[in-house]
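In my numbering, the protein residues as written are 3 to 307.
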């Protein structure tokens with residue numbers, strides 16, 4: 003008995019050049035723009051940029067024009083406002099600016115160092131109570147700063163540190179969110195094989211952290227520094243409670259005192275608006291500088307195996 007004949011196999015023609023196999027030939031379909039998400043992003047951008055535009059325009063107006071002209075109609079008093087702001091109480095505004103740079107810069111650096119050490123330790127080492135300790139730190143992320151302000155003030159008062167620079171710096175060194183980011187980034191960026199190889203080569207734990215872990219964590223640490231700098235720069239409640247000498251005030255508290263005095267002296271409102279405009283400049287410069295490190299990290303990640 004002869005076997006069943008196999009059906010003839012049909013040879014399919016190869017797809018034309020430039021056509022993906024399994025797809026119909028012809029012109030590619032135009033990409034549709036998601037109108038709703040785009041509109042939501044545009045509205046969000048306008049919502050964020052509108053106050054900045056108002057500050058920019060209002061800082062060009064004199065005290066008489068600030069409340070009597072159209073909101074977004076520019077004036078010609080920016081130079082006078084800057085001169086009046088610089089001359090206010092022999093340049094007290096620049097003292098506030100220097101204090102803000104000091105608090106935000108040093109506080110962000112110290113907080114980044116602590117976050118790097120704590121995050122690396124929680125990611126690399128295994129010890130009893132590690133997860134419990136980490137969960138306790140995370141409770142600080144969920145706790146509003148308003149709740150901690152009064153206890154922190156009482157602790158500083160017991161140590162006789164109120165109305166000092168340390169009373170503002172010390173509570174800012176430990177950032178629960180920074181420790182969280184440090185651990186997450188260390189677990190993702192540091193292969194344990196490299197740590198073990200360093201130990202086998204005789205390197206100490208501190209040297210492994212400095213030579214191996216720290217360069218790999220640098221993009222994440224830049225992000226932590228940026229978050230901490232912006233948070234401390236915009237911080238109002240803690241220095242408002244801790245400080246009594248206006249020469250130690252940061253920008254936020256100093257402008258608030260000017261705003262309160264403006265109720266009796268309306269001319270001070272222009273100084274407040276002009277000071278708020280100048281307070282944005284360091285943050286914009288910081289973002290432009292740090293953006294370079296993020297770009298370098300993306301480029302380096304594109305060639306990693």
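Glycine is no exception: its CB is placed at the ideal position from the N, C-alpha and C atoms.
Predicted, not measured: the structure shown is a model, and the values here were computed from it.
(request) On a CA-only basis, which of 248, 262, 229 is nearest residue 106? Give me that one, please. (result) 229
(message) Do residue 178 and residue 239 count as a contact pair if the criterion is CB distance below 8 Å?
(response) no
(message) For the alpha helix (DSSP H) containing residue 144, name the first residue and the last one.
(response) 132 to 144
(request) Assign residue 1 to buried or exposed, taking buried as 16 or more other Cβ atoms, counted over all protein chains shown, within 10 Å of its Cβ. (result) With the chain covering 3 to 307 only, the question about residue 1 has no answer from this structure.
(request) Leaving aside the five residues before and after residue 115 along the sequence, list all residues of the same chain whose C-beta is less than 8 Å from its C-beta, in chain order. (result) none
(request) For residue 217, name the three-state secondary structure that DSSP assigns. (result) helix
(request) Give me the Cα-Cα distance between residue 306 and residue 218, rounded to the nearest whole angstrom. (result) Any answer about residue 306 is weak, because its pLDDT of 46 lies below 50 and its placement is not dependable; what the coordinates show is given next. Using only the alpha carbons, I get a separation of about 12 Å.
(message) Closest to residue 143 by C-alpha separation, out of 183, 269, 36, 97, would be which residue?
(response) 183
(request) Return yes when the Cβ of residue 90 is within less than 8 Å of the Cβ of residue 261, no when it is not. (result) no
(request) Please classify residue 222: does DSSP put it in a helix, a strand, or coil? (result) helix
(message) In this structure, how does DSSP classify residue 128 when only helix, strand and coil are distinguished?
(response) coil
(request) Determine the burial state of residue 251: buried for a count of at least 16 other Cβ atoms within 10 Å of its Cβ, exposed for fewer. (result) buried
(request) Counting only runs of 4+ residues fully inside the stretch 145 to 204, write out the alpha helix (DSSP H) ranges in chain order. (result) 147 to 160, 167 to 175, 178 to 191, 194 to 202
(request) Leaving aside the five residues before and after residue 282 along the sequence, list all residues of the same chain whose C-beta is less than 8 Å from its C-beta, in chain order. (result) 54, 57
(message) Please list the terminal residues of the continuous alpha helix (DSSP H) segment that includes residue 245.
(response) From DSSP, residue 245 is part of no alpha helix (DSSP H); its letter is neither H nor E.
(message) Once DSSP output is grouped into helix, strand and coil, what is the label at residue 75?
(response) coil
(message) Does residue 276 come out as helix, strand or coil in the three-state DSSP assignment?
(response) helix
(message) Please list the terminal residues of the continuous alpha helix (DSSP H) segment that includes residue 1.
(response) Since the first and last residues shown for the chain are 3 and 307, residue 1 lies out of range.
(request) Rounded to whole angstroms, what's the CA-CA distance from residue 304 to residue 175? Just pull it up for me. (result) Annotation note: pLDDT 42 at residue 304 (below 50); position unreliable, no value reported.
(message) So that I know if they touch, is there some Cβ in chain B lying closer than 8 Å to that of residue 273?
(response) Of the protein chains in this structure there is only one, and it is not chain B.
(message) Taking contact to mean 3 or more Cβ pairs, one atom from each stretch, closer than 8 Å, check whether the stretch 184 to 203 and the stretch 117 to 130 are in contact.
(response) yes
(request) Can you tell me which of the three DSSP states residue 252 falls into? (result) coil
(message) I need the DSSP call for residue 92, collapsed to helix, strand or coil.
(response) coil
(request) Pair every Cβ in the stretch 242 to 258 with every Cβ in the stretch 87 to 101, then say whether three or more of these pairs are closer than 8 Å. (result) yes
(message) Within 8 Å, do at least three Cβ pairs link the stretch 160 to 172 to the stretch 231 to 246?
(response) yes
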